[in-house]
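*Asks:* Per the working numbering, the sequence shown starts with residue 1, numbered consecutively. No residue lacks a Cβ here, since even glycine has one placed at the ideal position from N, Cα and C. In this text the structure is predicted, and so the values were computed from the model without any measurement. Please read through the structure below; I'll follow up with questions.
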Amino acid sequence: MKFSDYRISPDIKQNLEKLGFKKPTDIQYKSIPPILNGEDVLAIAQTGTGKTASFAIPVIHLLQGRKRNDRPSGVRCLIMVPTRELAMQINEAIRTIGKGTNVKTCAIVGGVAQDPQIAQLEKGTDIVVATPGRLFDLISQGYLNLDRVEVLILDEADHMLDLGFINDIKGVITKIPKQRQTLFFSATIDERIKKLAYSIVRKAIRIQISPKNPVAKNITHSVAFIEMDDKRFFLERLIKENEDQKILVFVRTQVRAERVAKAMERVQIKAVTIHGGKDQKDRLKVMESFKNNHVKVLIATDVSARGIDVPGVNQVVNYDIPEQTENYVHRVGRTGRGTQKGLAIAFCSEEEKPLLTDIEDYIGQKITVQKINQEDYNHTLDYSEEHPHDWKSLLKEAETPKPKKKHKKRK
Ligand code: ADP
Ligand code: MG
Numbered sequence: 001m002k003f004s005d006y007r008i009s010p011d012i013k014q015n016l017e018k019l020g021f022k023k024p025t026d027i028q029y030k031s032i033p034p035i036l037n038g039e040d041v042l043a044i045a046q047t048g049t050g051k052t053a054s055f056a057i058p059v060i061h062l063l064q065g066r067k068r069n070d071r072p073s074g075v076r077c078l079i080m081v082p083t084r085e086l087a088m089q090i091n092e093a094i095r096t097i098g099k100g101t102n103v104k105t106c107a108i109v110g111g112v113a114q115d116p117q118i119a120q121l122e123k124g125t126d127i128v129v130a131t132p133g134r135l136f137d138l139i140s141q142g143y144l145n146l147d148r149v150e151v152l153i154l155d156e157a158d159h160m161l162d163l164g165f166i167n168d169i170k171g172v173i174t175k176i177p178k179q180r181q182t183l184f185f186s187a188t189i190d191e192r193i194k195k196l197a198y199s200i201v202r203k204a205i206r207i208q209i210s211p212k213n214p215v216a217k218n219i220t221h222s223v224a225f226i227e228m229d230d231k232r233f234f235l236e237r238l239i240k241e242n243e244d245q246k247i248l249v250f251v252r253t254q255v256r257a258e259r260v261a262k263a264m265e266r267v268q269i270k271a272v273t274i275h276g277g278k279d280q281k282d283r284l285k286v287m288e289s290f291k292n293n294h295v296k297v298l299i300a301t302d303v304s305a306r307g308i309d310v311p312g313v314n315q316v317v318n319y320d321i322p323e324q325t326e327n328y329v330h331r332v333g334r335t336g337r338g339t340q341k342g343l344a345i346a347f348c349s350e351e352e353k354p355l356l357t358d359i360e361d362y363i364g365q366k367i368t369v370q371k372i373n374q375e376d377y378n379h380t381l382d383y384s385e386e387h388p389h390d391w392k393s394l395l396k397e398a399e400t401p402k403p404k405k406k407h408k409k410r411k
């Protein structure tokens, strides 16, 4: 089935064509028809499978077809999401898919001035994509009224629960009409998510895509065993050997993000960082430069990158093995988006091996090991531009009788 065969407005079809969307992904194929029929939907699908368009396409179509209500500020669809970046990204996607339909959307998020958002609400908007904090701020100041909401969407419900937004979600439910359509999207499912879902949907159509393997099928992922202190040399080589590729590197902490960026800078690799320690403006700037290919390497922590959709990421590098197993799935899911193919590699040190085992248990499969023989391993260390230019450490090494690190034998 192609999008051109769907009973959706010609405007939407045209926009999808411009986006290069020809056929629906699995989740889109299964969820668009029931949503068009006005049903509640509870959808679980791995990250990168195209959940945004699964709700954006039918909801824009429904809102375009239904008569506008008379109140200019009557919001008809509320989309709640866990992070600002995600809100802006979904808002943008809706704007693109809904171009020419007269369906208006705006993002209500914290970390930026509220006045432009208030101005948009006052002009009238059909869809609001919001994070909980700013949403409640504007409701309590009287700028936003949810009495007319016809469709409620929760995206990344699992992440919302992880971030402790449960009471905010419950609070919103009390402010919107009981008679409504509810769409619930999550990448994972467990008891708490089910409990939340069933407390807000009515007789939902349940859709689940390949629950057994949480990593989408178009992603090839593997692991290489590399000692902690050598990781930067392997990253340097990987980046230099794939100069035209867009590479997303995940590290465990903010400090490490900055440290790895510095190490790359020393070997003439331009990289930017994104993490919770940066303010919203910086984060947006960084994402923009990575999206536009001004910088090909982005070093990120988990918090800042979850749910973020950057088109065309060729490779994900797990520079550190994630401590929370499910983050592995979120990380590798940043590549191979939609119908594209993706590549992911994890650098695992001796001390990280238990974490790797946890991840394998979680995803229910062994991760393919990329064997590096000793010669190749040493070659990678020699390959680095860091040693030859670093005359101070060369001098130091000459003074000390210890064998050079790069020739050390691996156990
Ligand atoms: P999810 O929310 O499931 O993580 P997204 O909705 O962010 O995934 O979509 C992931 C990527 O796939 C986006 O870049 C999107 O543009 C692309 N995409 C979505 N649907 C299609 C499609 N039908 N054909 C091609 N690309 C698609
Ligand atoms: Mg999503």
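Going by DSSP, what residue range makes up the beta strand (DSSP E) through N318?
*Replies:* Looking up residue 318 in the sequence shown gives position 318. Unbroken beta strand (DSSP E) run through N318: 315-318.
*Asks:* Closer than 8 Å is the cut-off here; do at least three beta carbon pairs connect the segment 132-151 with the segment 75-83?
*Replies:* Touching, per the Cβ criterion.
*Asks:* Return the CA-CA distance between E350 and S384, expressed in angstroms with no decimal places.
*Replies:* For this step, residue 350 is matched to residue 350 along the sequence shown. For this step, residue 384 is matched to residue 384 along the sequence shown. Approximately 22 Å between the Cα atoms of the pair.
*Asks:* Using DSSP with H/G/I as helix, E/B as strand and the rest coil, what is H221?
*Replies:* Counting from one through the sequence shown, the residue named residue 221 turns up at place 221. Of the three classes helix, strand and coil, the one that applies to H221 here is strand, per DSSP.
*Asks:* Could you say if the segment 131-145 and the segment 316-331 meet the contact criterion of at least three C-beta pairs nearer than 8 Å?
*Replies:* Result no; under three Cβ-Cβ pairs closer than 8 Å.
*Asks:* Give the secondary structure of I239 by DSSP, where H, G and I count as helix, E and B as strand, and everything else as coil.
*Replies:* The sequence position of residue 239 within the sequence shown is 239, counting from 1. In this structure, I239 counts as helix in the three-state DSSP scheme.
*Asks:* From L196, L163, S31, D162, pick the residue whose C-alpha is nearest to that of I173; which is it?
*Replies:* Translated into the one-based positions of the sequence shown, residue 173 becomes position 173. The shortest Cα separation from I173 among L196, L163, S31, D162 belongs to L196.
*Asks:* Is it true that the CB of N218 sits closer than 8 Å to the CB of Q340?
*Replies:* By one-based count along the sequence shown, residue 340 stands at place 340. By one-based count along the sequence shown, residue 218 stands at place 218. Going by C-beta atoms, Q340 is nearer than 8 Å to N218.
*Asks:* Between K99, N102, C106, which has its C-alpha nearest A87's C-alpha?
*Replies:* Along the sequence shown, read from residue 1 onward, the residue named residue 87 stands at position 87. For the residues K99, N102, C106, the minimum Cα distance to A87 belongs to C106.
*Asks:* Per DSSP, what are the beta-bridge partners of Q179 in this structure?
*Replies:* Here the question's residue 179 lines up with position 179 in the sequence shown. Answer is none; Q179 lacks a bridge partner.
*Asks:* Rounded to a whole number of angstroms, what is the C-alpha to C-alpha distance between D282 and D5?
*Replies:* The count along the sequence shown starts at 1 and reaches residue 282 at position 282. The count along the sequence shown starts at 1 and reaches residue 5 at position 5. If you take the alpha carbons of D282 and D5, they lie about 42 Å apart.
*Asks:* Closest to V201 by CA distance: which of T188, A216, R237, A157 is it?
*Replies:* Counting from one through the sequence shown, the residue named residue 201 turns up at place 201. Checked all of T188, A216, R237, A157; the closest Cα to V201 is A157.
*Asks:* Which of the three DSSP states is assigned to V128 in this structure?
*Replies:* Indexing the sequence shown from 1 puts residue 128 at position 128. It is a strand residue.
*Asks:* Kindly indicate if chain C contains any beta-carbon less than 8 Å away from that of T220.
*Replies:* Within the model displayed, chain C is absent; a lone protein chain is all it includes.
*Asks:* Counting C-beta neighbours from all protein chains within 10 Å, is the total for K246 16 or more, i.e. buried, or is it exposed?
*Replies:* Position 246 of the sequence shown, counted from the first residue, corresponds to residue 246. Its Cβ being crowded by 16 or more others within 10 Å, K246 is buried.
*Asks:* How big is the Cα-Cα spacing for G110 and L121?
*Replies:* Looking up residue 110 in the sequence shown gives position 110. Looking up residue 121 in the sequence shown gives position 121. Cα-Cα distance, rounded: 15 Å.
*Asks:* Just grab the DSSP bridge partners of V303 for me.
*Replies:* In the sequence shown, the residue the question calls residue 303 occupies position 303. The partner list for V303 (beta bridge, DSSP) is empty, contrary to what the question assumes.
*Asks:* Rank G342, V332, A346, G338 by C-alpha distance to the C-alpha of I321 and give the top, closest one.
*Replies:* As a position in the sequence shown, residue 321 is number 321, starting the count at 1. It is A346 whose Cα lies nearest to the Cα of I321.
*Asks:* For D190 and Q46, what's the separation of their Cα atoms in angstroms?
*Replies:* Position 190 of the sequence shown, counting from 1, holds the residue named residue 190. Position 46 of the sequence shown, counting from 1, holds the residue named residue 46. Rounded to the nearest angstrom, the two C-alpha atoms are 14 Å apart.
*Asks:* What are the start and end residues of the beta strand (DSSP E) that includes A346?
*Replies:* For the purposes of this step, residue 346 is taken as the residue at position 346 of the sequence shown. Counting along the chain, the beta strand (DSSP E) containing A346 begins and ends at 342-348.
*Asks:* Beta-carbon separation of L183 and T96 under 8 Å?
*Replies:* Sequence index remark: in the sequence shown, residue 183 carries index 183 (1-based). Sequence index remark: in the sequence shown, residue 96 carries index 96 (1-based). No, the pair does not count as a contact, with Cβ atoms beyond the cut-off.
*Asks:* So K51 packs on D155, CB below 8 Å; how close in whole Å?
*Replies:* If you number the sequence shown from 1, residue 51 lands on position 51. If you number the sequence shown from 1, residue 155 lands on position 155. About 7 Å separates the two Cβ atoms, so the contact holds.
*Asks:* In chain order, which alpha helix (DSSP H) runs of at least 4 residues are fully inside the segment 22-70?
*Replies:* The qualifying runs are 26-36, 51-65.
*Asks:* Do you know how far the Cα of H61 is from the Cα of Q324?
*Replies:* Here residue 324 refers to the residue found at position 324 of the sequence shown. Here residue 61 refers to the residue found at position 61 of the sequence shown. Roughly 38 Å separates the two Cα atoms.
*Asks:* With the cut-off set at 8 Å, would you say I118 and L138 are in Cβ contact?
*Replies:* By 1-based counting over the sequence shown, the position of residue 118 is 118. By 1-based counting over the sequence shown, the position of residue 138 is 138. Against a cut-off of 8 Å, the Cβ pair of L138 and I118 comes out as a contact.
*Asks:* Considering only the alpha carbon of each residue, which of V329, K262, E265 lies closest to E360?
*Replies:* Numbered from its first residue, the sequence shown carries residue 360 at position 360. With distances taken between Cα atoms, E360 lies closest to V329.
*Asks:* Between S54 and S31, how many whole angstroms is the CB-CB distance? I'm expecting something under 8 Å.
*Replies:* The residue labelled residue 54 in the question sits at position 54 within the sequence shown. The residue labelled residue 31 in the question sits at position 31 within the sequence shown. Yes, S54 and S31 are in contact; Cβ-Cβ is about 4 Å, under 8 Å.
*Asks:* List the residues that DSSP assigns as beta-bridge partners of L248.
*Replies:* Numbered from its first residue, the sequence shown carries residue 248 at position 248. Its beta-bridge partners are L298, V316.
*Asks:* When the Cα atoms are used, what is the spatial distance from F250 to P24?
*Replies:* Along the sequence shown, one-based indexing puts residue 250 at 250. Along the sequence shown, one-based indexing puts residue 24 at 24. The straight-line gap from Cα to Cα measures roughly 30 Å.
*Asks:* Could you give the distance in angstroms between the alpha-carbon of R256 and the alpha-carbon of T273?
*Replies:* Translated into the one-based positions of the sequence shown, residue 256 becomes position 256. Translated into the one-based positions of the sequence shown, residue 273 becomes position 273. Looking at the two C-alpha atoms, the distance is approximately 10 Å.
*Asks:* Scan the segment 97-176 and note each continuous beta strand (DSSP E) run of 3 residues or more that stays entirely inside, going in chain order.
*Replies:* Counting only runs of 3 or more, we get 105-108, 127-130, 151-154.
*Asks:* Between F185 and A43, is the Cβ-Cβ spacing less than 8 Å?
*Replies:* Indexing the sequence shown from 1 puts residue 185 at position 185. Indexing the sequence shown from 1 puts residue 43 at position 43. For F185 and A43, yes; Cβs fall inside 8 Å.
*Asks:* Across which residues does DSSP place M80 in a beta bridge pair?
*Replies:* As a position in the sequence shown, residue 80 is number 80, starting the count at 1. For M80, which the question treats as bridged, DSSP gives the partners A130, L154.
*Asks:* What's the C-alpha gap between L36 and I363?
*Replies:* Counting from 1 along the sequence shown, the entry for residue 36 is found at position 36. Counting from 1 along the sequence shown, the entry for residue 363 is found at position 363. If you take the alpha carbons of L36 and I363, they lie about 33 Å apart.
*Asks:* Going by DSSP in three states, Q370 sits in which element: helix, strand or coil?
*Replies:* Counting from 1 along the sequence shown, the entry for residue 370 is found at position 370. In the structure shown, Q370 sits in coil (DSSP, three-state: anything other than H, G, I, E or B).
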